[in-house]
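Residues 79 to 255 in my numbering are what the sequence shown spells out, letter by letter. Even glycine gets a Cβ: it sits at the ideal position worked out from N, Cα and C. These figures come from a predicted structure and were not determined experimentally. Scroll down for the structure; my scribbles are underneath it.
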Amino acid sequence: MTVYTRFLSQSHIGKYGSWLKSLDPVTLRAYFGIGLGPQGIDGLIRKFKKDLAHHHFLVAQIDNKWVGVIHIASYEDTVEFGVIIQKEYRRMGIADQMLGEALMWAQNRQYKKLIMHCIVENYPIRKLCQKHGLIAQNVYGDVEATMNLPKSNWLSVYHELIQRQVNWYYYLKSLGA
79 MTVYTRFLSQ
89 SHIGKYGSWL
99 KSLDPVTLRA
109 YFGIGLGPQG
119 IDGLIRKFKK
129 DLAHHHFLVA
139 QIDNKWVGVI
149 HIASYEDTVE
159 FGVIIQKEYR
169 RMGIADQMLG
179 EALMWAQNRQ
189 YKKLIMHCIV
199 ENYPIRKLCQ
209 KHGLIAQNVY
219 GDVEATMNLP
229 KSNWLSVYHE
239 LIQRQVNWYY
249 YLKSLGA
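In structure tokens form, the structure reads like this:
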């Protein structure tokens with residue numbers, strides 16, 4: 079089973095909303111920190127569409143099926159990541175792979191700081207943040223993890239380029255091309 083990623087084109091952000099609506103309420107609560115129904119998801123998608131330049135979505139797929147997404151919100155020199163993995167695909171290293179790719183993406187675009195929020199009970203995300211060098215602290219009952227991103231260099235750019243080529247290969251393979 080091969081996991082590959084790709085950035086969602088701006089014209090397909092609605093697919094992210096449809097995918098979120100297909101997830102179970104416990105997963106949505108762990109991701110958003112609140113129970114969010116279809117109308118709330120529709121509201122978020124409308125918000126993202128109004129500000130496309132500051133919202134990016136890295137989608138993980140297996141056999142052309144979405145299994146996870148990292149929402150990257152950017153502002154000034156900071157990015158904020160939100161990681162969500164479909165329940166039956168957890169504990170397979172998908173979030174780890176995606177976070178590594180998203181960190182490289184942010185680094186290569188000269189962002190300086192990364193922030194991730196999660197509810198206190200979300201131990202897997204807290205462990206993932208720790209693994210990738212984010213420093214977590216409790217903020218008003220939730221967890222905020224941060225890190226200063228390293229500067230881009232030729233090796234990070236090369237690594238991102240190779241990863242994109244590998245992902246492109248598996249994406250085309252999943253389409254039968």
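Keeping to the same chain, check which residues put their C-beta closer than 6 Å to that of E166; ignore five residues upstream and five downstream. For this step, residue 166 is matched to residue 88 along the sequence shown. The answer is none, since no qualifying residue turns up.
Count the other CB atoms within 10 Å of the CB of G121; is the residue buried (16 or more) or exposed (fewer)? For the purposes of this step, residue 121 is taken as the residue at position 43 of the sequence shown. With a 10 Å radius around the Cβ and a threshold of 16 neighbouring Cβ atoms, G121 comes out exposed.
Quick check on V104: does DSSP put it in helix, strand or coil? The residue labelled residue 104 in the question sits at position 26 within the sequence shown. In the structure shown, V104 sits in a helix (DSSP, three-state: H, G or I).
Could you say if the segment 191 to 203 and the segment 232 to 248 meet the contact criterion of at least three C-beta pairs nearer than 8 Å? The segment 191 to 203 vs the segment 232 to 248: no contact.
Within this structure, are the beta carbons of T224 and I140 separated by less than 9 Å? In the sequence shown, residue 224 corresponds to position 146, counting from 1. In the sequence shown, residue 140 corresponds to position 62, counting from 1. Between T224 and I140, the C-beta gap is not smaller than 9 Å, which leaves the two residues out of contact.
Using 10 angstroms around the beta-carbon of G146, count the other beta-carbons present and answer buried if the total reaches 16, otherwise exposed. Here residue 146 refers to the residue found at position 68 when the sequence shown is read from its first residue. Answer is buried; the Cβ neighbour count reaches 16.
Neighbourhood of Q188 by C-beta, 7 Å cutoff - its chain only, sequence neighbours within 5 removed: On the sequence shown, position 110 is the one that residue 188 refers to. Cβ within range, chain order: S230.
Bridge partners of M194, per DSSP? Stepping through the sequence shown from its first residue, residue 194 is reached at position 116. Partner(s): F159 and A223.
Could you work out which residue in G113, K99 and Y94 is closest to K49 when comparing CA atoms only? Outside the modelled stretch of the chain, which goes from 79 to 255, sits residue 49, for which no answer is possible.
Anyone know if the C-beta pair for L206 and A173 falls short of 9 Å? In the sequence shown, counting from the first residue as 1, residue 206 sits at position 128. In the sequence shown, counting from the first residue as 1, residue 173 sits at position 95. It is a contact, given that the beta carbons lie within the stated cut-off.
For E222, which option in L239, H210, R204 and H90 has the closest C-alpha, if you only look at C-alpha atoms? Taking the first residue of the sequence shown as position 1, residue 222 is located at position 144. Closest by alpha carbon: R204.
Member of Q164, A214 and K209 whose CA lies at the smallest distance from the CA of V137: In the sequence shown, residue 137 corresponds to position 59, counting from 1. Nearest neighbour of V137 by Cα position, chosen from Q164, A214 and K209, turns out to be Q164.
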